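Read the structure below first, then the notes.
Number of protein chains: 2
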Amino acid sequence: MLLDTPKIAPQDCGDCPIRHRAVCARCDTDELLKLEEIKYYRSFEAGQTVVWADDRMDFVASVVSGVATLTQAMEDGRTQMVGLLLPSDFVGRPGRQGAAYDIVATTDLVMCCFRKKPFEQMMEQTPHVAQRLLQMTLDELDAAREWMLVLGRKTAREKIASLLAIVARRDASLNMVPAAGSLAFDLPLTREAMADYLGLTLETVSRQVSALKRDGVITLQGKRHIVVPDFDRLLEEAGDDNDGGMLS
Amino acid sequence: MLLDTPKIAPQDCGDCPIRHRAVCARCDTDELLKLEEIKYYRSFEAGQTVVWADDRMDFVASVVSGVATLTQAMEDGRTQMVGLLLPSDFVGRPGRQGAAYDIVATTDLVMCCFRKKPFEQMMEQTPHVAQRLLQMTLDELDAAREWMLVLGRKTAREKIASLLAIVARRDASLNMVPAAGSLAFDLPLTREAMADYLGLTLETVSRQVSALKRDGVITLQGKRHIVVPDFDRLLEEAGDDNDGGMLS
DNA sequence: AAACGCGATTGATCTGCGTCAAGGCGGGGT
DNA sequence: ACCCCGCCTTGACGCAGATCAATCGCGTTT
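So the sequence lines, in the order shown, correspond to chains A and B.
Heads up: the first sequence begins at 13 in my numbering, then just goes up one per residue.
Heads up: the second sequence begins at 13 in my numbering, then just goes up one per residue.
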């Protein structure tokens, strides 16, 4: 099951994407004023860790620009990325103490943060905010489950194509162009990060990217800039049916 | 990150586990009376499909007894289980139209259902219900992400051990015995269903179960009844640290 | 410009798991 | 009692992807 991200640009509604993506579909209500009071911005450099798993995390936040990853680790060092945070994505666990995963900035990153306590209080007083968060969490759950299919059943080539399709779609959505036909975007992940997301090794990722290039599914400009001449072709390679969009 | 299921038995609070697990931590409030009016029970036989992916699903529900699975399929027939519904688990997507996945009963199954429309109305009027659902959805999200690590990075043997540990823990929780030391339980899944959950083939599952038996990690009575002489040993085999419980 | 470092690519080889195939076991129907 | 049918087990073999290792490209430092 595939979901489309809303076709709303951050600036439609002020400078903070949390206004519509995370919290409030009605941008002229009083809650936003309350939010303004507890809002602050934080910047991170590429490679910086935002929070470590199980550390206290006393804020919830929305990604303004840049990319971050949620990663789990086993004691022996094996790691699995469990989430990719792109601009307008929300992160945080209202009602929970610690962070569940390492959050790491993979590019320079700006987040719009809200202090958690007052945010939770606001949530209690304004039912539609809790409901909005529930909807968002259901979206995340769908995305996680979609990814379980990728991890459990797809081949390396299909995994790469799936990841490219997701990033391409999100990028198109942010720039408000239709996710179809020809697309171009910058891949905000190293080969190693891609491998971590896909349950592969970085060598396999590299080989399969080369293979997709050789077969004309994508072309590369430099290491990171991807051109997708035919989006449907990419979806086919990903093993998806092409009747919908996929969320994060 | 591992989570413990609440140590509350369904019967503490009436015959319907939704009362505390899904909806209401305060069992004496008015909302329960409203719930009674829209509540009904449904039974399914082992193998029956509860709903197909993308079908309308006009109820939310809680599992009273038996086991069901949430499964995704690719067009070519590959399938991946994305969720396992055990007694007291909640299923449903308030605010959403269709089911996201096939829901199939793997044993005889009884569900406590609530008509969705009135349930959603009740949710809107009673903020703490929406918040409870948010917490539950966050739990599910954690479980899904935990499973992403299993699917992406664990070996076949570790996958089997992880699955056994989850079922053992849930079973212990339902029977209100501590999940430690020696445990025994019935595995409510066929080898094929296990394979579907773990991203393996049924042959590999069979081989690894045999290997765990040979190595004394578990003993079998019949095909399905599992005895775990040392739960910590099992966790070790699963590659988990043993400092917490894992949810579903 | 030379030296360095980091990410990416590519090759050679190994191996865990998938695939294909042949029984085994146990319960239910005739 | 017999057979049948679902479910499970076990073996032989092949392959996709992991592992180990060498090299490249390119931006940054000295």
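For every residue, glycine included, the Cβ atom is placed at its ideal position computed from N, Cα and C.
All values reported here derive from a predicted model rather than from experimental measurement.
Beta-carbon neighbours of residue i, restricted to chain B and to distances below 7 Å
i	result
L201 of chain A	Those within 7 Å of L201 of chain A in chain B number zero; the least Cβ separation is about 15 Å.
Chain-ordered chain B contacts of residue i [CB-CB under 8 Å]
i	result
G164 of chain A	Q92, L163, L210 and G211
Beta-carbon separation (whole angstroms), residue i vs residue j, contact threshold 8 Å
i	j	result
L210 of chain B	V240 of chain B	That belief does not hold up - the Cβ atoms of L210 of chain B and V240 of chain B are roughly 18 Å apart, past 8 Å.
R90 of chain B	R165 of chain A	5 Å
A180 of chain B	F243 of chain B	7 Å
G95 of chain A	T118 of chain A	Actually they are not in contact, since the Cβ atoms of G95 of chain A and T118 of chain A sit about 12 Å apart, beyond 8 Å.
D120 of chain A	E57 of chain A	6 Å
A168 of chain B	Q92 of chain B	That pair is no contact at about 16 Å.
V79 of chain B	P200 of chain B	4 Å
L146 of chain B	P130 of chain A	Not quite, the Cβ-Cβ distance comes to about 17 Å (not below 8 Å), so this is no contact.
L170 of chain A	A223 of chain A	According to the sequence displayed, residue 170 of chain A carries Glu and not Leu. Between A223 of chain A and E170 of chain A the Cβ distance is about 12 Å, and since that is not below 8 Å, they are no contact.
A85 of chain A	D114 of chain A	7 Å
L163 of chain B	L163 of chain A	4 Å
Spatial distance of residue i from residue j (CA atoms)
i	j	result
L212 of chain A	M160 of chain B	13 Å
A207 of chain A	D253 of chain B	24 Å
R182 of chain A	A192 of chain A	12 Å
M135 of chain B	D154 of chain B	23 Å
S218 of chain B	G228 of chain B	16 Å
W64 of chain B	L150 of chain A	18 Å
R68 of chain A	A112 of chain A	10 Å
D101 of chain B	V122 of chain B	12 Å
V75 of chain A	R144 of chain B	26 Å
Y52 of chain B	H237 of chain B	32 Å
G59 of chain A	P99 of chain A	17 Å
L232 of chain B	Q137 of chain B	50 Å
T41 of chain A	P139 of chain A	Bear in mind that the predicted position of T41 of chain A carries a pLDDT of just 46, short of 50, making it too unreliable to give a figure here.
R38 of chain B	F197 of chain B	Since pLDDT at R38 of chain B reaches only 39, below the 50 mark, its modelled position is unreliable, and the value read off the structure follows with that caveat. Straight-line Cα distance between these residues: approximately 31 Å.
M148 of chain A	F126 of chain A	17 Å
E248 of chain B	A177 of chain B	10 Å
R226 of chain A	E215 of chain A	16 Å
E87 of chain B	V116 of chain B	18 Å
R33 of chain A	E152 of chain B	Summary for R33 of chain A: the model assigns pLDDT 47, below 50, so the residue's position carries little reliability; its value from the coordinates is reported in the next sentence. C-alpha separation (whole angstroms): 21 Å.
R245 of chain B	G104 of chain B	35 Å
E48 of chain A	M188 of chain B	46 Å
R108 of chain B	T83 of chain B	18 Å
A184 of chain A	D66 of chain A	34 Å
T202 of chain A	G234 of chain A	13 Å
K128 of chain B	K128 of chain A	31 Å
Among the options, nearest to residue i - alpha-carbon criterion
i	options	result
I50 of chain A	A:D244, A:Q133, A:L153 and A:T231	A:Q133
G110 of chain A	A:L146, A:A173 and A:V62	A:V62
C124 of chain A	A:D67, A:D242 and A:F71	A:F71
L97 of chain B	B:P106, B:M86, B:E87 and B:S77	B:S77
R54 of chain B	B:G104, B:E48 and B:A73	B:A73
I230 of chain B	B:L186, B:T202, B:L175 and B:S185	B:L175
Residue i: contacting residues in chain A (beta-carbon distance under 7 Å)
i	result
Q220 of chain B	Here the premise fails: no neighbours, minimum Cβ distance about 16 Å.
D253 of chain B	E87
Q160 of chain B	Rather than Gln, the amino acid found at residue 160 of chain B in this sequence is Met. Those are Q92, V94, A156, W159, M160 and L163, listed as they occur along chain A.
Heavy atom of the ligand PLP within 7 Å of residue i beta-carbon
i	result
F197 of chain B	By its list of ligands, the structure shown contains no ligand whatsoever, and the ligand PLP lies outside what it can speak to.
Item to check | Proximal residues, the segment 131-152 of chain A versus chain B, C-beta separation under 7 Å | outcome: E136, P139, A142, Q143, L145, L146, Q147, T149, L150 and E152
Next on the checklist: Along the segment 75-86 of chain B, where does the CB come closer than 7 Å to a CB of chain A? Name the residues.
Outcome noted: Q84 and M86
Checklist entry - Of all the residues that make up the segment 179-193 of chain A, which are near chain B by a beta-carbon distance shorter than 7 Å? => result none
Checklist entry - In chain order, what residues of the segment 106-124 of chain A put their CB closer than 9 Å to some CB of chain B? => result P106, G107, R108, G110, A111, A112 and Y113
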